[in-house]
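Protein chains in written order, with the numbering used here: chain A, 39 to 461; chain B, 644 to 935. Step one of this worksheet: look at the structure below.
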Ligand SMILES: Cc1ncc(COP(=O)(O)O)c(C=O)c1O
């Protein structure tokens, strides 16, 4: 079927959208971030590991609502209690008691954390974390890894307009993830001025292979932060509970002072959290923290149910098992087809790149070919495994991948591969 | 926000002046390449013209330094795609732009001893004159053919505008003119300090821009963008499905995002590089929207 027909309604909506919405679909969901002609622009539903677009096309989904789905779309164990609460009232004048239960549960679960503040978006949590670190230390500078994403607020977004670079972004300094010498130099050059280092548990930049922390890196961050009087913030919003129920820092043996979580926390219901160590509780208490929707009950009920369901379905162990199956399968199919296809990052949050093509032409072709075969894999952003994926899903994915690699090898790629190999 | 010329800073005026001058020369060159009438009109020995824009407040004529101290030159010679020319340009007055036309060939940015130098006493004068308004421009003849050169340049400039407007202009010619204007426009504004941080985070690389028989390459290196006629192994490819789509998008009649969504525009390869060019494109539209 021609892509025009296959995505007729998606395109129709997009044309309408472009008239009344800046960019049609703004930000990371913009069609240009995928491969137009091969991916839908609008979805209308989902169940388990499967999504359905407005034209009725179905896909096994490896984006999981950008990581927010961990126990599967429309999981009744989560939606049941959540919808029940929705009928009895979501946003109330005062918090619902579940807020206390959820805070207790997270503080119990997540290594080294003693208090919790609930917000809506991950950006709210990372912004609050860096603000608390700055207020507590009285220091200005926030240190982050080049290419890391911590949200869409002016201090951390890629909206690098001069009005922001000379204000909110002026006090953010960057170093290469895993590069201890660069971090040491930043501390030296900004003596007594660094409030915190904010890092993701492993590096997951867009458009690039993912990078795990070297064993000495996170230790060095801790030592430097302690020695120089700066806080260490672990931004665990993307990985969340996919690596460990005690938080990804626990998985990598790190000891941050604050941890931010979001996305999968409530299986897609809007809630994020900032967790902190006792030492910062006083400063956090002195902050005026509020947002109209920040204490709504439904997402908190959903978070409790999601935690239960994650535990029941086997949690990070099961995700790693499924992810490893996918990783091994894709790498070996890629190799058989003559490509240096490599999965980077933890198996539960994989990303495929081709060593021979850092510009991602092959990624785009491969993911387009997968989408043509009913598998939604993002060409530029890491993927996610959920507990709703099954061995059968992985098998179907690998059989589509066999054809997709073949397609890459033939036709267009004859010319293209020559170019790559010449380089 | 749409700006008026009087609201621009000196740096912005200097960039706008060079943008206008650069586009005038590039479009004249493009018109010459695609118009037999102009080719006939060209004197046998060829013509060469230099536009020189004196910078307000700068001691030496033509030196254009931004407030950050960085040379804001468009480096027109470099865009003639010769490495040694590019190196030589570094020592030339910044706002010196040349058009050289001879034997069926037209190159904006060639370094020659020009027949005529058109001197603008400042950025504002250049902007006004090159926008078709009134302003001071001093012709400095350096050889006997100087005034023929000036006539030819005026004719070529107005021919470019006609080609863009006339219904009978073949789509390919119109698409090429628009593409050349857009890409050379990027060249002219890429050094704007407004884009400094953006250019820093955008990866270096070369984008091939294709439609039908037309192919240009835009190479981004540090804070500069250079347009080239040929390059090997582009890092990204931006292609239009046909000339009409290119014309609609480049003339602002069709939103680029809609064209992208419908498949009329396709982007492959190093996306952040292309996104970076889009940011420069936004800046170019900002400059072109300044009311003079
Ligand atoms: C590591 C990380 N931090 C922060 C954020 C921002 O979260 P949100 O989009 O909910 O504001 C994200 C979102 O992708 C993320 O991956």
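The beta carbon of each residue, even a glycine, is placed where N, CA and C say it ideally should be.
Chain B within 8 Å of residue 397 of chain A, Cβ atoms only: The count along the first chain starts at 1 and reaches residue 397 of chain A at position 359. At a cut-off of 8 Å between beta carbons, residue 397 of chain A contacts chain B.
Contact with chain C by residue 69 of chain A, beta-carbon distance below 8 Å: Within the model displayed, chain C is absent; protein chains A and B are what it includes.
With 16 other Cβ atoms within 10 Å as the buried cut-off, status of residue 669 of chain B: For the purposes of this step, residue 669 of chain B is taken as the residue at position 26 of the second chain. Using a 10 angstroms sphere on the CB of residue 669 of chain B, the tally of other CB atoms reaches 16 or more, which defines it as buried.
Range covered by the beta strand (DSSP E) that runs through residue 88 of chain A: Position 50 of the first chain holds residue 88 of chain A. Segment 88 to 91, the beta strand (DSSP E) holding residue 88 of chain A.
Distance cut-off 7 Å: residue 104 of chain A Cβ against heavy atoms of ligand 1: Your numbering for residue 104 of chain A matches position 66 in the first chain. Yes - ligand 1 has a heavy atom lying nearer than 7 Å to the Cβ of residue 104 of chain A.
Close Cβ partners of residue 806 of chain B (< 8 Å) along its chain, the five nearest in sequence each way excluded: Along the second chain, read from residue 1 onward, the residue named residue 806 of chain B stands at position 163. Cβ within range, chain order: 674, 677, 678, 812, 816, 817 and 820.
Identity of the residue in A:283, A:381, A:318 and A:128 nearest residue 335 of chain A by Cα: In the first chain, residue 335 of chain A corresponds to position 297, counting from 1. Residue 335 of chain A has its Cα closest to that of A:128, out of A:283, A:381, A:318 and A:128.
Residue 190 of chain A CB to nearest heavy atom of ligand 1 below 7 Å: As a working mapping, residue 190 of chain A is identified with position 152 in the first chain. It does: the Cβ of residue 190 of chain A is within 7 Å (strictly closer) of some heavy atom of ligand 1.
At least three beta-carbon pairs within less than 8 Å, the segment 379 to 396 of chain A to the segment 883 to 903 of chain B: When Cβ pairs closer than 8 Å are counted between the two stretches, the segment 379 to 396 of chain A is seen not to touch the segment 883 to 903 of chain B, the count staying below three.
Whole alpha helix (DSSP H) elements within the segment 152 to 223 of chain A, 4-residue minimum: Entirely contained in the segment 152 to 223 of chain A, the alpha helix (DSSP H) runs reaching 4 residues are, in chain order, 160 to 175 and 200 to 203.
Separation of residue 853 of chain B from residue 658 of chain B, as counted between CA atoms: Here the question's residue 658 of chain B lines up with position 15 in the second chain. Here the question's residue 853 of chain B lines up with position 210 in the second chain. Separation of residue 658 of chain B and residue 853 of chain B (C-alpha to C-alpha, rounded to the nearest whole angstrom) is 27 Å.
Any non-hydrogen atom of ligand 1 closer than 7 Å to residue 305 of chain A Cβ: One-based indexing of the first chain puts residue 305 of chain A at position 267. If you check the C-beta of residue 305 of chain A against ligand 1, you find no heavy atom less than 7 Å away.
Min CB distance residue 784 of chain B to chain A below 8 Å: Within the second chain, residue 784 of chain B is the residue found at index 141, counting from 1. Interface criterion not met: the Cβ of residue 784 of chain B is under 8 Å from no Cβ in chain A.
Under 8 Å between C-beta atoms of residue 287 of chain A and residue 253 of chain A: Indexing the first chain from 1 puts residue 287 of chain A at position 249. Indexing the first chain from 1 puts residue 253 of chain A at position 215. It is not a contact, given that the beta carbons lie outside the stated cut-off.
Paired residues, beta bridge with residue 462 of chain A - DSSP: Outside the modelled stretch of chain A, which goes from 39 to 461, sits residue 462 of chain A, for which no answer is possible.
Buried versus exposed call for residue 934 of chain B [16 or more other C-beta atoms within 10 Å across all chains shown]: Translated into the one-based positions of the second chain, residue 934 of chain B becomes position 291. Its Cβ having fewer than 16 others within 10 Å, residue 934 of chain B is exposed.
Sequence ranges, beta strand (DSSP E) only - wholly within the segment 871 to 904 of chain B, length at least 3: Unbroken beta strand (DSSP E) stretches of 3 residues or longer found wholly inside the segment 871 to 904 of chain B: 879 to 883, given in chain order.
Candidates A:325, A:73 and A:67: closest to residue 400 of chain A by CA position: In the first chain, the residue the question calls residue 400 of chain A occupies position 362. With distances taken between Cα atoms, residue 400 of chain A lies closest to A:73.
Beta-carbon neighbours of residue 49 of chain A, restricted to chain B and to distances below 8 Å: Looking up residue 49 of chain A in the first chain gives position 11. Within 8 Å Cβ-Cβ: 904 and 905.
Closer than 8 Å at the beta carbon, the chain A residues around residue 879 of chain B: Here residue 879 of chain B corresponds to residue number 236 of the second chain, with the count starting at 1. Those are 397, listed as they occur along chain A.
For residue 849 of chain B and residue 864 of chain B, the rounded distance between their alpha carbons: Indexing the second chain from 1 puts residue 864 of chain B at position 221. Indexing the second chain from 1 puts residue 849 of chain B at position 206. Distance between the alpha carbons of residue 864 of chain B and residue 849 of chain B is about 9 Å.
Inter-stretch contact at 8 Å, needing at least 3 Cβ pairs: the segment 426 to 441 of chain A / the segment 80 to 93 of chain A: In this structure the segment 426 to 441 of chain A touches the segment 80 to 93 of chain A; the number of beta carbon pairs closer than 8 Å is three or more.
Cα-Cα separation between residue 50 of chain A and residue 899 of chain B, rounded to whole angstroms: To locate residue 50 of chain A, count along the first chain from 1; it is residue 12. To locate residue 899 of chain B, count along the second chain from 1; it is residue 256. Going by the C-alpha atoms only, they are around 16 Å apart.
Cutoff 8 Å: residue 109 of chain A Cβ touching any chain B Cβ: In the first chain, the residue the question calls residue 109 of chain A occupies position 71. Taking Cβ atoms only, chain B never reaches closer than 8 Å to residue 109 of chain A, which makes this a no.
Residue 464 of chain A, DSSP secondary structure in three states: As shown, chain A starts at 39 and ends at 461. That puts residue 464 of chain A outside it, with no answer to give.
Against chain B: residues of the segment 230 to 260 of chain A by CB proximity under 7 Å: Taking 7 Å as the Cβ-Cβ cut-off against chain B, the residues of the segment 230 to 260 of chain A that qualify are 245.
Chain B contact for residue 268 of chain A (CB, 8 Å cutoff): Numbered from 1 along the first chain, position 230 holds the residue referred to as residue 268 of chain A. No, no contact with chain B.
Cβ separation of residue 108 of chain A and residue 276 of chain A, assumed to be a contact under 8 Å, to the nearest whole Å: Reading the first chain from its first residue, position 70 is the one you call residue 108 of chain A. Reading the first chain from its first residue, position 238 is the one you call residue 276 of chain A. For residue 108 of chain A against residue 276 of chain A, the beta-carbon gap comes to about 12 Å, at or over 8 Å, which does not count as contact.
Close beta carbons around residue 175 of chain A, own chain, < 6 Å, minus the five adjacent residues each side: Looking up residue 175 of chain A in the first chain gives position 137. Around residue 175 of chain A: 233.
Closer than 8 Å at the beta carbon, the chain A residues around residue 844 of chain B: Residue mapping note: residue 844 of chain B aligns to position 201 of the second chain, counting from 1. Here the neighbours are 196 and 198.
Outcome for residue 662 of chain B when other beta-carbon atoms lying within 10 angstroms are tallied against a minimum of 16: Residue 662 of chain B sits at position 19 when you count from the first residue of the second chain. Buried is the call here.
Contact residues within the segment 385 to 413 of chain A, judged by C-beta distance below 7 Å to chain B: For chain B, the residues of the segment 385 to 413 of chain A that bring a beta carbon within less than 7 Å of one of its beta carbons are 397, 398, 399 and 402, in chain order.
Endpoints, the beta strand (DSSP E) within which residue 97 of chain A is located: Translated into the one-based positions of the first chain, residue 97 of chain A becomes position 59. Unbroken beta strand (DSSP E) run through residue 97 of chain A: 96 to 99.
Element boundaries [beta strand (DSSP E), containing residue 933 of chain B]: Sequence index remark: in the second chain, residue 933 of chain B carries index 290 (1-based). Here residue 933 of chain B belongs to no beta strand (DSSP E), and DSSP marks it neither H nor E.
Beta-carbon proximity of residue 100 of chain A to residue 422 of chain A, cut-off 8 Å: For the purposes of this step, residue 100 of chain A is taken as the residue at position 62 of the first chain. For the purposes of this step, residue 422 of chain A is taken as the residue at position 384 of the first chain. For residue 100 of chain A and residue 422 of chain A, yes; Cβs fall inside 8 Å.
The segment 301 to 317 of chain A in contact with the segment 340 to 347 of chain A per 3-pair CB rule at 8 Å: Touching, yes, given that three or more Cβ pairs across the two stretches are closer than 8 Å.
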